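Chemist:
Numbering (this note's numbering), first residue to last: 1 to 90.
1. Which two residues bound the contiguous alpha helix (DSSP H) that contains residue 43?
2. Given that a residue counts as buried once 16 or more other Cβ atoms are within 10 Å of its Cβ, and exposed if not, what is residue 28?
3. Indicate the three-state DSSP secondary structure (helix, strand or coil) for residue 32 in the structure shown.
4. Which residues mark the beginning and the end of the alpha helix (DSSP H) in which residue 68 is found?
5. Could you work out which residue in 67, 88, 77 is closest to residue 19 when comparing CA atoms only?
Take a look at the structure:
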């Protein structure tokens, strides 16, 4: 076994933050239209959190910038839209 199994500099759990934020952000943005309000608020907040962390690590060279930015934006749209809708009904 000539190759090393030690993790490299680019092998980090931080590389999954952007895609995770993107998936959660899409679910949050689409959940408003499917009337999944509790899950939409939760996934929107998680998408923004993971997206901001993904942006931080992407600027340092770990992971990609565009999924983290897109996930943050979609999560914020879903979260703010659902909270505004529920607040207007109260």
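Beta carbons: idealized from backbone N, C-alpha and C, even for Gly. From a predicted model like this one, the values you see are computed outputs, not experimental measurements.
Modeler: In short, the structure shows the following:
1. Position 43 of the chain shown holds residue 43. Note, residue 43: alpha helix (DSSP H), 37-59.
2. Within the chain shown, residue 28 is the residue found at index 28, counting from 1. By the 10 Å Cβ count, residue 28 comes out buried.
3. For the purposes of this step, residue 32 is taken as the residue at position 32 of the chain shown. Here residue 32 sits in coil by DSSP.
4. Locating residue 68 in the chain shown gives position 68, counting from the first residue. Per DSSP, residue 68 belongs to the alpha helix (DSSP H) from 65-89.
5. For the purposes of this step, residue 19 is taken as the residue at position 19 of the chain shown. Nearest option by C-alpha distance: 67.
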